[in-house]
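Encoded as structure tokens, the structure appears first; notes follow it.
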Amino acid sequence: MSTKETVIRNEIVRVKGKVKAITVPKEKTQEILRRVELRMLDKKYEVLMPPSDGMEKNNIDLQGMMTFIGQYASQIISGIGTSETPPNYAQIVITTTSGSKVQLNFTGNILSNTQGMSATMQIFGTQNSMNVQYYFIGYDTTNNSYQGNYLELYSSSFIQGATAYTFTTPVRIAYANLSINKLSDYDLFILWMIEFQNVPPYLIVFIPTIPGSPTVSAFAFRGGTSTGASFTVYANNGNCNFSCNGNCPSGSPGNLMLSVQNNTIVLQIPVLVAINGGTSSAQVLICGTYKYVYVNYMQGPNGTISFGDDVTFSTSYSTTIAPPSSGYIFVALLAVIAITFTVS
Numbered sequence: 395m396s397t398k399e400t401v402i403r404n405e406i407v408r409v410k411g412k413v414k415a416i417t418v419p420k421e422k423t424q425e426i427l428r429r430v431e432l433r434m435l436d437k438k439y440e441v442l443m444p445p446s447d448g449m450e451k452n453n454i455d456l457q458g459m460m461t462f463i464g465q466y467a468s469q470i471i472s473g474i475g476t477s478e479t480p481p482n483y484a485q486i487v488i489t490t491t492s493g494s495k496v497q498l499n500f501t502g503n504i505l506s507n508t509q510g511m512s513a514t515m516q517i518f519g520t521q522n523s524m525n526v527q528y529y530f531i532g533y534d535t536t537n538n539s540y541q542g543n544y545l546e547l548y549s550s551s552f553i554q555g556a557t558a559y560t561f562t563t564p565v566r567i568a569y570a571n572l573s574i575n576k577l578s579d580y581d582l583f584i585l586w587m588i589e590f591q592n593v594p595p596y597l598i599v600f601i602p603t604i605p606g607s608p609t610v611s612a613f614a615f616r617g618g619t620s621t622g623a624s625f626t627v628y629a630n631n632g633n634c635n636f637s638c639n640g641n642c643p644s645g646s647p648g649n650l651m652l653s654v655q656n657n658t659i660v661l662q663i664p665v666l667v668a669i670n671g672g673t674s675s676a677q678v679l680i681c682g683t684y685k686y687v688y689v690n691y692m693q694g695p696n697g698t699i700s701f702g703d704d705v706t707f708s709t710s711y712s713t714t715i716a717p718p719s720s721g722y723i724f725v726a727l728l729a730v731i732a733i734t735f736t737v738s
């Protein structure tokens with residue numbers, strides 16, 4: 395049997411981020427915060443956040459983002475992870491001019507007279523290209539006063555496994571040099587957006603989901619009886635039903651390969667498929683069905699989770715590739731789907 399690695403397609407996904415910080419008199423806070431409509435695939439909902447105009451470019455932490463993507467993709471593929479929640483789902487850290495740290499930890503909502511942050515995400519786009527956006531809203535509505543000049547953004551990701559949610563370890567995914575002057579009679583708001591652009595729909599499930607309110611989580615490919623998702627590569631051997639859920643030779647990812655090359659993160663997803671030898675080309679069909687579960691609210695590490703609506707998202711991609719050299723009756727095609735994340 396011959397085995398050859400063949401890259402089916404190398405998708406280019408752009409990762410970028412923007413951030414802003416504003417302080418407003420406490421009596422005007424309600425005028426500043428707005429109800430913004432976001433979309434999760436075919437569902438819409440509203441979140442409370444400051445206006446997004448005037449945001450500045452941040453810096454993506456390349457190593458942190460690689461860990462963020464890699465931990466999530468590994469859990470999606472294996473369905474294995476810890477059911478224990480991390481100390482903080484997400485966090486914005488402000489370094490003050492005196493060198494001290496102000497930590498805005500995940501609270502799931504904007505609360506009065508406290509420090510914290512909320513988070514949410516949206517997925518939108520067309521049948522050929524989709525965008526995934528994360529919004530992190532840090533706030534300090536206390537009477538504290540300080541000046542800051544450096545911000546860091548930390549986040550975990552999570553999925554729905556067989557019996558419980560599984561969380562990745564929070565890592566730093568972005569940072570920025572930004573001046574902050576928090577006065578005792580002013581409220582501070584930080585709006586941070588991280589965006590994955592030009593994601594092909596058939597690979598959308600490998601883009602992390604984050605804790606938030608409302609929350610969306612993807613099901614793992616494996617994990618007992620509650621998989622709720624699949625990612626399958628079919629190869630047409632000329633004597634099968636070449637369609638999603640057909641009987642053509644097929645395979646699913648069992649692991650991943652991740653690396654940093656210059657200013658890019660390369661995620662490779664190998665799939666082993668048996669095909670007939672002796673042909674000059676082979677048809678390959680990638681089929682994905684992903685079930686996203688919507689959660690009404692999640693309040694801190696010890697909060698309760700209530701299940702709301704969910705949506706099943708199905709997509710496919712087909713192409714013709716050059717198989718391994720002829721002369722073999724049976725061929726094990728190591729089909730590699732690659733995602734190159736360009737960071738800006």
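Residue numbers (this note's numbering): 395 to 738. Glycine included, each C-beta is placed from N, C-alpha and C at the ideal position.
- Just so you know, the alpha carbons of residue 631 and residue 488 end up roughly 58 angstroms apart.
- In the displayed model, residue 521 falls within coil according to three-state DSSP, outside both helix and strand.
- The alpha helix (DSSP H) runs lying completely inside the region 398-438 and spanning 4 residues or more are 423-426, given in chain order.
- In this structure, the alpha-carbon of residue 733 lies about 39 angstroms from that of residue 417.
- If you compare the alpha carbons of 711, 411 and 452 with that of residue 544, the shortest gap goes to 452.
- Burial of residue 414 is indicated by the presence of at least 16 other C-beta atoms within 10 angstroms of its C-beta.
- Within the same chain, Cβ atoms closer than 7 angstroms to the Cβ of residue 436 are found at 705, the five residues on either side in sequence being excluded.
- Under the three-state reduction of DSSP, residue 640 is assigned to coil, being neither helix nor strand.
- One Cα belongs to residue 709, the other to residue 496, and the distance between them is close to 43 angstroms.
- Ranked by Cα distance from residue 684, the first of 526, 498, 521 and 625 is 625.
- Using a 10 angstroms sphere on the CB of residue 584, the tally of other CB atoms reaches 16 or more, which defines it as buried.
- Cβ-Cβ separation between residue 606 and residue 515: approximately 6 angstroms, consistent with a contact (criterion under 8 angstroms).
- Of all alpha-carbon atoms in 628, 419, 525 and 714, the one lying nearest the alpha-carbon of residue 588 is that of 525.
- Cβ contact annotation for residue 483 (same chain, cutoff 6 angstroms, sequence separation greater than five): 500, 550 and 605, in chain order.
- In the structure shown, residue 615 adopts coil according to DSSP, grouped into three states.
- The C-beta of residue 716 has fewer than 16 other C-beta atoms within 10 Å across all chains shown, which makes the residue exposed.
- Residue 576 and residue 493 have their C-alpha atoms some 15 angstroms from each other.
- A direct Cα-to-Cα measurement between residue 731 and residue 644 gives close to 14 angstroms.
- Assignment of residue 456 by DSSP, reduced to helix, strand and coil, places it in the helix class.
- Shown here, residue 573 sits in a strand according to DSSP, grouped into three states.
- The Cβ atoms of residue 542 and residue 490 sit closer than 8 angstroms to each other.
- Closest in C-alpha terms to residue 520, from the list 580, 548 and 594, comes 594.
- Per DSSP, the unbroken beta strand (DSSP E) holding residue 561 starts and ends at 559-561.
- In this structure, 650 is the residue among 656, 650 and 655 with its C-alpha nearest to the C-alpha of residue 663.
- Contact annotation: residue 530 and residue 433 have beta-carbon atoms that are not nearer than 8 angstroms.
- Under the criterion of beta carbons closer than 8 angstroms, residue 592 and residue 407 qualify as touching, at roughly 6 angstroms.
- Check the Cα spacing between residue 548 and each of 540, 441 and 568: the tightest is with 568.
- The beta carbon of residue 646 lies closer than 8 angstroms to those of 615, 624, 625, 626, 627 and 665 in the same chain, with the five residues before and after it left out.
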